[in-house]
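All remarks here apply to the structure that follows.
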Amino acid sequence: MGKPVIGITIGDPAGVGPEVTLKAFKNRKMFDMCIPVVIGDINVIKKAATIVGYDSEINLIEDTDQCKEGKLNLLSLDNVDFDYRFGSIQPECGRVAFEYIKTGIELALAGNIDAVVTAPIHKEALNLAGFHYSGHTEIFADLTKTKDYAMMLASEPLKVIHVSTHVSLRKACDMVKQERVYKVIKLAYEGIKGLGVQAPRIAVAGLNPHAGETGLFGDEEIKEIIPAVERAKQEGFNVTGPLPPDTIFLHCKEGKYDIAVVMYHDQGHIPLKLLDFMGGVNITVGLPIIRTSVDHGTAFGKAGKGTADETSMIKAIETAVQFAINRQGD
Numbered sequence: 015m016g017k018p019v020i021g022i023t024i025g026d027p028a029g030v031g032p033e034v035t036l037k038a039f040k041n042r043k044m045f046d047m048c049i050p051v052v053i054g055d056i057n058v059i060k061k062a063a064t065i066v067g068y069d070s071e072i073n074l075i076e077d078t079d080q081c082k083e084g085k086l087n088l089l090s091l092d093n094v095d096f097d098y099r100f101g102s103i104q105p106e107c108g109r110v111a112f113e114y115i116k117t118g119i120e121l122a123l124a125g126n127i128d129a130v131v132t133a134p135i136h137k138e139a140l141n142l143a144g145f146h147y148s149g150h151t152e153i154f155a156d157l158t159k160t161k162d163y164a165m166m167l168a169s170e171p172l173k174v175i176h177v178s179t180h181v182s183l184r185k186a187c188d189m190v191k192q193e194r195v196y197k198v199i200k201l202a203y204e205g206i207k208g209l210g211v212q213a214p215r216i217a218v219a220g221l222n223p224h225a226g227e228t229g230l231f232g233d234e235e236i237k238e239i240i241p242a243v244e245r246a247k248q249e250g251f252n253v254t255g256p257l258p259p260d261t262i263f264l265h266c267k268e269g270k271y272d273i274a275v276v277m278y279h280d281q282g283h284i285p286l287k288l289l290d291f292m293g294g295v296n297i298t299v300g301l302p303i304i305r306t307s308v309d310h311g312t313a314f315g316k317a318g319k320g321t322a323d324e325t326s327m328i329k330a331i332e333t334a335v336q337f338a339i340n341r342q343g344d
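The numbering of the sequence shown is our numbering, which starts it at 15 and goes up by one.
Rendered as structure tokens:
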């Protein structure tokens, strides 16, 4: 079983993606675990290399057969033929960032790379370029024709998976439906298995305060969440809930459960980022390919300065390698 080939899309050139990608591979140990294929543009990478002081050889390739172990392989799309400004929203940057993602997905679907790791994009730049997605997760689902998927965030102290993500809070409440909750419980099982947990213990959060307090503070738990949990139990899943949202994360942090199924974006993001902001990894579960990502944005305020922290990128690559190895072993 050889080293996994990991594709890394550099994200928005005006953000910190190119910098954190190169900074991650200044650590030579990263080459021990994988064969990296950076998907981006040679001009952007050269500029980032100067900023972060990356002076190792970069192997320019046209296809993955030309990859070399121990080298940073670069698949340049040569699509940055314009002047871009660090820390600025630019439609051209949204366009090229989408092209990097599309290429990564195509390579993974073709089996030429074992996983895709994504650096951050700027959603407004993406939409100004004409690509009307709310984020990476939706792009991957659309281009892989995946219907049932979910965003999972993983860190050392906490792992969460979301029933809904990039929608308004009002709409998120409406999306708490039995069928969706049940499917996300199954996706939670799949995601944790991918991290090597053989017998996942799943906790499900309530939507309302005190998980509804038997209907006093809302009936979504009674009508939608409890039936989903019971259905999953009947199918053999080790699942508990709904648990009050104000205590479920403490139980997970203390090791009672392996993952929490949360009902909406901030319910999961806030506790995880509080506990381990730079160590979190974003994983799209349910896809036919492996996709992980840094759990931070373009950080326009740091772009071009060489000060961006590469910890989340390293964790995202490590997680992609772990998933790839576990999938190879299935």
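Just so you know, even glycine gets a beta-carbon here, dropped at the ideal spot from N, CA and C.
Nothing here was measured: the structure is a model prediction, and the numbers come from that model.
DSSP-derived helix/strand/coil call for residue i
i, result
"Thr158", "coil"
"Gly311", "coil"
"Ser326", "helix"
"Ile127", "coil"
"Pro256", "strand"
"Gly318", "coil"
"Pro223", "helix"
"Pro50", "strand"
"Gly108", "helix"
"Asn340", "helix"
"Leu74", "strand"
"Val211", "coil"
"Ile22", "strand"
"Ile273", "strand"
"Gly120", "It is Glu, not Gly, that sits at residue 120 in the sequence shown. Of the three classes helix, strand and coil, the one that applies to Glu120 here is helix, per DSSP."
"Glu83", "coil"
"Thr333", "helix"
"Tyr147", "coil"
"Phe231", "coil"
"Ile236", "helix"
"Phe5", "Past the boundaries of the shown model lies residue 5; the chain is included only from 15 to 344, so the question cannot be answered."
"Ile153", "helix"
"Phe45", "helix"
"Ile115", "helix"
Cut-off 7 Å between Cβ atoms - residues of its own chain near residue i, not counting five sequence neighbours on either side
i, result
"Ala38", "Met44, Glu324, Met327, Ile328 and Ile331"
"Gly232", "Leu221, Asn222 and Gly226"
"Pro258", "Gly220, His224 and Ala225"
"Arg194", "Val177"
"Gln281", "Ala219 and Pro259"
"Gly320", "Glu33, Ile65 and Val66"
"Leu85", "The question names Leu, but residue 85 is Lys in the sequence shown. Same-chain partners within the cutoff: Glu71 and Asn73."
Residue i, enclosing beta strand (DSSP E) - first and last residue
i, result
"Met166", "Ala164 to Ala168"
"Ala219", "Ile216 to Ala219"
"Ile284", "Looking at the DSSP string, Ile284 is not in any beta strand (DSSP E); the run it does join, the alpha helix (DSSP H), is His279 to Asp290."
Range covered by the alpha helix (DSSP H) that runs through residue i
i, result
"Leu201", "Gln192 to Gly208"
"Gly31", "Gly31 to Ala38"
"Thr64", "Ile56 to Val66"
"Ile175", "Element bounds for Ile175: not the alpha helix (DSSP H) but the beta strand (DSSP E), Lys173 to His176."
"Ala186", "Leu183 to Asp188"
"Asn141", "Lys137 to Leu142"
"Gln248", "Ile240 to Gln248"
"Phe263", "Ile262 to Lys267"
Cβ neighbours of residue i in the same chain (closer than 6 Å, five flanking residues each side left out)
i, result
"Ala155", "Tyr163"
"Ile135", "Gly25, Asp26 and Ala111"
"Ile115", "Thr23 and Ile153"
"Asp128", "Pro18, Val19 and Ala338"
"Ala143", "Pro105, Gly108 and Arg109"
"Ile53", "Gly21, Thr23, Leu89, Tyr114, Thr117 and Gly118"
"Ile49", "Lys17, Val19, Cys81 and Glu83"
Those residues which DSSP pairs with residue i across a bridge
i, result
"Arg305", "Val130"
"Val299", "Ala164"
"Ser90", "Gly54"
Nearest-angstrom beta carbon gap, residue j and residue i [assumed within contact, 8 Å]
i, j, result
"Arg99", "Ala28", "6 Å"
"Gln192", "Glu238", "5 Å"
"Ser169", "Leu289", "6 Å"
"Ala213", "Ile262", "Actually they are not in contact, since the Cβ atoms of Ala213 and Ile262 sit about 19 Å apart, beyond 8 Å."
"Leu91", "Thr117", "6 Å"
"Val58", "Val94", "5 Å"
"His279", "His180", "7 Å"
"Met277", "Ala186", "7 Å"
"Gly250", "Ala133", "At roughly 38 Å, the Cβ-Cβ gap does not stay under 8 Å, so Gly250 and Ala133 are not in contact."
"Gly101", "Gly318", "7 Å"
"Glu71", "Ile103", "Going by Cβ atoms, the distance from Glu71 to Ile103 rounds to 34 Å, so no, they are not a contact pair."
"Leu121", "Thr78", "7 Å"
Neighbourhood of residue i by C-beta distance below 8 Å, restricted to the same chain and skipping five residues each side
i, result
"Met166", "Lys173, Val174, Ile175, His176, Leu201, Ala202, Gly205, Ile273, Asn296, Ile297, Thr298 and Val299"
"Met293", "What sits at residue 293 in the sequence shown is Gly, not Met. Cβ within range, chain order: Ser169, Glu170, Thr325, Ser326 and Lys329."
"Ile75", "Val51, Cys81, Asn87, Leu88 and Leu89"
"Phe145", "Gly108, Arg109, Phe112 and Ile153"
"Thr158", "Ile119, Leu123, Leu301, Pro302 and Ile303"
Residue-level contact to chain C via CB, residue i, 8 Å cutoff
i, result
"Leu201", "Among the chains of the structure shown, chain C does not appear; only one protein chain is present."
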